[in-house]
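Inspection log for the structure reproduced underneath, given as structure tokens.
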Amino acid sequence: MIKQRVGTSIFGIVSIGLLWQLLAVITGNRAVPTPIQVMKEIWEIKQPLLLHAGASAARISVALLFALIVGLPLGILLSRSRWFGRLFGPILYFLYPLPKVAFLPVFMIFFGLGNLSKVLLIFSIISIQVIVSIRDSVNQIPAGYYQVMENYHSTKLQVFQQLLFPALIPALISSLRVSTGISLAALFFAENYNTTFGLGYLILSAWTKMNYEEMFAGIVMIGLLGFALFSLFDSLERKMCTYK
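When you line the sequence shown up against my numbering, it's residues 4 to 247, in that order.
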């Protein structure tokens, strides 16, 4: 299984590299450097590039952590508490379809131009996705399962450990995959304001300097960051959802 995943990843990387090389040759445009040129640039600027990638990864990691802390209990409450669902359900329906990037100016006004406003932007994207996914997955649990747990005089903690948690984990991981992709796009936008470190800042800065090799180096790092997060979620799903 591991060899198969490694082989698939290598095949995907090689395919992307060949298509990229073909595009660079066809366009003949300096704005589209070849993969070899970009790899050389990545090696030459590896230290500052890692600092930029680390800053972006830290923002997303903090936002993910707090989204889980907030989204998990709220999603369960929305499903299991009728009055809580009636009170906050309409608010959720209003916020869910809104483009969260539109809130960045609001966050900057109230929380400044630093990291806090950027983390809050990503948190707003991930947390709502997590809340909706958790609520829907808990809603799908048949009522008879709760009756069985009640017949065995299970505590609330046991109900969570033996019934709720196994049922919501697949939906939770799926929501993290979706929201992480959106968060990376939002992070690029957010890091263009009052930031000196971050992949979004690096890409836009390189573009203004017409340093296209550096610009693509930043794009590649965003792709690698997303790949690392998706691989982490896949690994967690395999370990935590062995019952599937």
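Where a beta carbon is used, it is the ideal one built from N, C-alpha and C, also for glycine.
Collapsing the DSSP output to three states places Lys212 in coil.
Per the Cβ contact rule, the stretch 15 to 35 is not in contact with the stretch 70 to 89 (fewer than 3 Cβ pairs under 8 Å).
Going by beta carbons, Leu175 and Val133 fall inside the 8 Å limit.
Look at Glu194 here: in three-state DSSP terms it is coil, with no helix or strand label.
In the structure shown, Ile16 falls within a helical segment according to DSSP collapsed to helix, strand and coil. Nearest in C-alpha terms to Tyr96, of all of Ile48, Arg138 and Ala209, is Arg138.
Judged by beta-carbon spacing, Val65 lies within the 8 Å limit of Val122, meaning their Cβ atoms are closer than that value. Ala56 is positioned such that its CB atom lies no closer than 8 Å to that of Leu232. In this structure Tyr204 is not in contact with Leu116, their Cβ atoms being roughly 13 Å apart against a cut-off of 8 Å.
In this structure the stretch 30 to 47 touches the stretch 198 to 218; the number of beta carbon pairs closer than 8 Å is three or more.
Within the model, the alpha-carbon separation for Leu202 versus Ile63 is close to 12 Å. Distance between Ile16 and Trp86, taken at the CA atoms: about 50 Å. In this structure, the straight-line span from the alpha carbon of Phe91 to that of Lys49 is close to 47 Å. Between the alpha carbons of Leu124 and Ala170 lies a gap of roughly 28 Å.
Between Ser178 and Ser120, the C-beta gap is not smaller than 8 Å, which leaves the two residues out of contact.
The shortest CA-to-CA distance from Lys103 to any of Phe114, Ile144 and Ser127 is the one to Ser127. Judged by DSSP in its simplified three-state form, Leu205 adopts helix.
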